[in-house]
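For the sequence shown, position 84 matches number 67 in the working numbering, and the numbering has no gaps at all. Even for Gly, the Cβ is constructed at its ideal location relative to N, Cα and C. Predicted model only: the values in this text are computed from it and were never measured.
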Amino acid sequence: MMKKKIVIVEDEAIVAMENKMNLTVAGFDVIACYSKGEDVLLHVNQMNPDLILMDIKLKGNYSGIDTVERMREKNNIPVLFVTGNSDNTTLQQLKVISNTSYLLKPVLTNDLIIAVKKLLLS
């Protein structure tokens, strides 16, 4: 079985590296890490990942939500949002985007792996 390819979009380098390490140990192939939504939008179609791990607060002009809404114009790659924003407005915005799920920071490794597997199987 081929390893599932994951792209991480996270503005905190330490969090991105920790998630990359945990996902790699769990048997996934983390093919890229970005800190800006604009950057992932430029490359996502060529990379064709199986899943994107997406923070909501990013560097650059787009939030994680903006980035996924723009991505949805071309593809329906599953997205797991990882966020520290648990306000109602943010959570309501997430609920209307198809083929996504979310976890609130800080994320436990086991919860991350379970959520990734669940999204990949759905």
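Going by C-alpha positions, N2 is about 12 Å away from D94.
As computed with DSSP, M0 is found in no beta bridge at all.
D(-6) sits in coil when the DSSP states are folded into three classes, being neither helix nor strand. Taking C-beta separations shorter than 6 Å and ignoring five residues to either side along the sequence, P89 has no partners in its chain. According to the DSSP assignment, I35 belongs to the beta strand (DSSP E) that extends over L34 to D38. If the five residues before and after P32 are omitted, its C-beta is found closer than 7 Å to the C-beta atoms of K(-12), I(-11), V(-10), I14 and I60, all from its own chain and listed in chain order.
Taking C-beta atoms as the reference points, K(-14) and F11 count as a pair closer than 8 Å.
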